[in-house]
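**Student:** First residue of the sequence shown? That's 467 in the working numbering, and the numbers climb one at a time after it. C-beta atoms are modelled at their ideal positions from N, C-alpha and C, and glycine is treated no differently. These numbers come from a predicted model, not from an experiment. Before anything else, here's the structure in question.
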Amino acid sequence: MTVKTVLPRQQANRDIEEAIDRYLGEAGETVALGFIDSLEQAYRHIARHPASGSSRHAYDLNLPGLRFWLLKQYPYLVFYVETANHIDVWRVLHAECDIPAWIREPDIS
Numbered sequence: 467m468t469v470k471t472v473l474p475r476q477q478a479n480r481d482i483e484e485a486i487d488r489y490l491g492e493a494g495e496t497v498a499l500g501f502i503d504s505l506e507q508a509y510r511h512i513a514r515h516p517a518s519g520s521s522r523h524a525y526d527l528n529l530p531g532l533r534f535w536l537l538k539q540y541p542y543l544v545f546y547v548e549t550a551n552h553i554d555v556w557r558v559l560h561a562e563c564d565i566p567a568w569i570r571e572p573d574i575s
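What follows is the structure, encoded as structure tokens:
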């Protein structure tokens, strides 16, 4: 089995920082650290099994190859595209946000 490197874009890193800040402010350090652990588990999973993520939003957004993976115990989705050499993480979004609007926001990276 090939394990690919997971490379989050700048916007994905901003999404993660915002989520951590929100959890720190609203739920405390333990919950924020749990979010980080869940995200790391998701990254390990998609690095080993990139095709296992759902492609549902790829059809809705007309973005072939786009997949997402739901974090365990946290309502966040990791949106990514598998490339030949790595996993390109586009966004890490709350499951209740307006996915089509947020996924199309321009990325600086």
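Using 10 angstroms around the beta-carbon of Asp422, count the other beta-carbons present and answer buried if the total reaches 16, otherwise exposed.
**Tutor:** Outside the shown range of the chain, which is 467 to 575, sits residue 422, and nothing can be said about it.
**Student:** Confirm, please, whether the CB-CB distance from Leu532 to Ser521 is below 8 Å.
**Tutor:** As a first step, residue 521 must be located in the sequence shown, where it is residue number 55. As a first step, residue 532 must be located in the sequence shown, where it is residue number 66. Cβ atoms of Ser521 and Leu532: closer than 8 Å.
**Student:** With distances taken Cα to Cα, identify the nearest neighbour of Ile502 among Thr549, Pro541, Asp564 and Asp554.
**Tutor:** Reading the sequence shown from its first residue, position 36 is the one you call residue 502. The shortest Cα separation from Ile502 among Thr549, Pro541, Asp564 and Asp554 belongs to Pro541.
**Student:** Going straight from the alpha carbon of Ile565 to that of Arg514, what length do you get?
**Tutor:** Stepping through the sequence shown from its first residue, residue 565 is reached at position 99. Stepping through the sequence shown from its first residue, residue 514 is reached at position 48. About 25 Å.
**Student:** Among all the DSSP beta bridges, which residues are the ones paired with His552?
**Tutor:** If you number the sequence shown from 1, residue 552 lands on position 86. Bridge partners of His552: Thr471.
**Student:** In terms of residues, what are the limits of the alpha helix (DSSP H) holding Leu505?
**Tutor:** As a position in the sequence shown, residue 505 is number 39, starting the count at 1. Segment Glu495 to Arg514, the alpha helix (DSSP H) holding Leu505.
**Student:** Would you identify the three-state DSSP class for Ser520, choosing helix, strand or coil?
**Tutor:** Position 54 of the sequence shown, counted from the first residue, corresponds to residue 520. Ser520 falls in the strand class under three-state DSSP.
**Student:** Taking DSSP's pairing of strands, which residues face Trp535 in a bridge?
**Tutor:** Residue numbering aside, residue 535 sits at position 69 when the sequence shown is read from its first letter. According to DSSP, Trp535 bridges with Val544.
**Student:** Reducing DSSP to helix, strand and coil, say where Leu490 ends up.
**Tutor:** Counted from its first residue, the sequence shown places residue 490 at position 24. DSSP places Leu490 in helix when its eight states are reduced to three.
**Student:** Are any of the Cβ atoms in chain D nearer than 8 Å to that of His560?
**Tutor:** Included in the structure is just one protein chain, with no chain D present.
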